[in-house]
Amino acid sequence: MEVLKTEGLCMSFGGVLALCNVPLRVEKGERLVIIGPNGAGKTTLFSVLDGQLKATAGQIYFFGQEITHVPGYRRAHRGISRSFQLTTLFMNLTILENTLLALQGTKQSRFQILRPITAYKHLYNKAQALLDPMELWEKRNDQVHAISYGDQRKLEIALGLASEPRLLLLDEPSTGLTSAERADVTSRIRNLGADITVIVATHDMDLAFGVAQRI
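Each step along the sequence shown adds one to the number in the UniProt record's numbering, with nothing skipped, and position 80 is 80.
Take a look at the structure:
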């Protein structure tokens with residue numbers, strides 16, 4: 001089953017053409033890696049796919065339905081999630097608090113103003129299910145600024161899974177990691193569920209060959 005397809009996808013910033021006629025075909029459960037140096041347009045492509053940027057030309061199809069003009073939050077509700085090249089975590093909150101906030105942001109559990117996060121007891125089991133595979137549950141009460149950068153990257157992957165996505169976009173997930181941390185993150189990505197389609201953008205060839213079914 002084809003999860004994602006693009007036709008003639010282009011993106012320009014003024015007179016600068018960042019993407020030109022990008023053709024993507026991604027099947028369900030596939031691990032696709034997009035490689036290229038910094039500045040090649042990988043992050044721009046992800047921003048167009050998840051709706052943060054509006055394509056200058058072309059079409060995007062998700063499970064056969066065109067989403068070219070669908071806003072980003074609706075794409076997220078349909079099952080597209082992503083991580084970013086730079087960490088976007090709440091550094092002064094704990095691992096668990098970050099995870100609970102991510103879960104509250106999903107369509108299954110809306111945020112309610114003035115209701116304390118501890119009131120969402122039903123989310124704790126979901127949080128543990130996200131953090132356990134990343135070996136972060138035992139560190140759940142640690143503030144994010146105090147954990148290693150490798151653990152921060154693993155936490156971002158866990159948060160990307162909070163919405164139970166059908167398509168996960170990982171932007172440079174090994175940036176800034178040691179060789180041991182890169183190997184760990186590579187293993188975590190490789191072992192994600194077969195029901196999740198994953199596209200990784202990277203210039204790290206070890207990561208690329210460690211997770212890719214297709215490059």
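Every residue, glycine too, gets a C-beta built ideally from N, C-alpha and C.
Judged by pairs of C-beta atoms under 8 Å, the stretch 132 to 141 does not touch the stretch 53 to 65, as fewer than three such pairs exist.
Looking at Leu-131, Leu-167, Glu-172, the one whose alpha-carbon comes closest to that of Lys-5 is Leu-167.
For Phe-84, there is no enclosing beta strand (DSSP E), as DSSP marks it with neither H nor E. If you ignore the 5 residues before and after Asn-191, its C-beta comes within less than 6 Å of no other C-beta in its own chain.
Scanning its chain for C-beta atoms nearer than 8 Å, with the 5 sequence neighbours on each side dropped, one finds around Asn-21 the residues Gly-8, Leu-9, Cys-10, Gly-58, in chain order.
About 28 Å separates the CB atoms of Gly-39 and Val-70; that is not less than 8 Å, and the two are not in contact. Per DSSP, the unbroken alpha helix (DSSP H) holding Val-48 starts and ends at 42 to 49.
Assignment of alpha helix (DSSP H) within the stretch 121 to 173, counting only whole runs of 4 or more residues, yields 124 to 131, 149 to 160 in chain order. Contact annotation: Leu-131 and Thr-94 have beta-carbon atoms that are not nearer than 8 Å. In this structure Leu-17 is exposed. Its beta-carbon is surrounded by fewer than 16 other beta-carbon atoms within 10 angstroms. DSSP places Phe-209 within a helical segment (H, G or I) once states are collapsed to three. For Asn-21, the enclosing beta strand (DSSP E) covers residues 16 to 27. Pairing Met-205 with Ile-35, the inter-Cα distance amounts to about 8 Å. Among the bridge pairs identified by DSSP, Thr-197 is matched with Leu-167. Out of Ile-189, Lys-154, Gly-150, Asp-171, the CA that lies nearest to the CA of Leu-177 is found in Gly-150.
Excluding residues up to 5 positions away in sequence, Ser-83, Arg-153, Glu-156, Ile-157, Val-185, Ile-189, Val-200, Thr-202, Leu-207 lie with their Cβ nearer than 8 Å to the Cβ of Pro-173 in the same chain.
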